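Q: Please see the structure below; I have some questions.
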Amino acid sequence: MPFAENIGGRNWEYQHDNAPIHTSNAMKNYLNSKNVSVLEWTPMSPDLNRIENVWGIMSRKLYENGGQFYSLNTLKTAIESAWYNLEPEILRTLFMSMEKCVFDVILKNGNTLNY
């Protein structure tokens, strides 16, 4: 996990969405072999994962006005542009809403949220 090695010395945990492919034995073994601590997370919980909101925002931006991409390189460039042009206020709003989402899940005993 090169990105993790580049931030060396920081105490962090890996969070994934608990999709079956991400919880396979192969993935668990890989993360263990890299000494990666995995954050315990409620199963199948995309409503709690703020990056899902970011992907949605980026996807809408990429395909607005009927956007189409005819080469992998063009698509990659567009994705990078959408990523680097995300408005900081949107990211801040998503970050600030996380605490409320977690409390809402606790109140619903871990059940899916309707937003």
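Heads up: the sequence shown begins at 1 in UniProt numbering, then just goes up one per residue.
Glycine included, C-beta positions come from ideal geometry on N, C-alpha and C.
Predicted model, so just to flag it, every value in this text is computed and none were measured.
(1) Which first and last residues belong to the alpha helix (DSSP H) in which K76 is found?
(2) How long is the line joining the alpha carbons of A78 and E52, rounded to whole angstroms?
(3) Mind the definition here: the stretch 50-70 touches the stretch 79-90 only if three or more C-beta pairs lie below 8 Å; say whether that holds.
(4) Is it true that the CB of R50 sits closer than 8 Å to the CB of L113?
(5) Ignore the nearest five residues each way along the sequence and tell me which others in K61's own chain have a CB closer than 6 Å to its CB.
A: Walking through what the data contain:
(1) From DSSP, the alpha helix (DSSP H) with K76 extends over 72-84.
(2) Near 18 Å, if we compare the C-alpha coordinates of E52 and A78.
(3) Enough Cβ pairs lie closer than 8 Å, so yes.
(4) No. Outside cutoff.
(5) Counting only Cβ-Cβ distances below 6 Å, and skipping sequence neighbours, we find A82.
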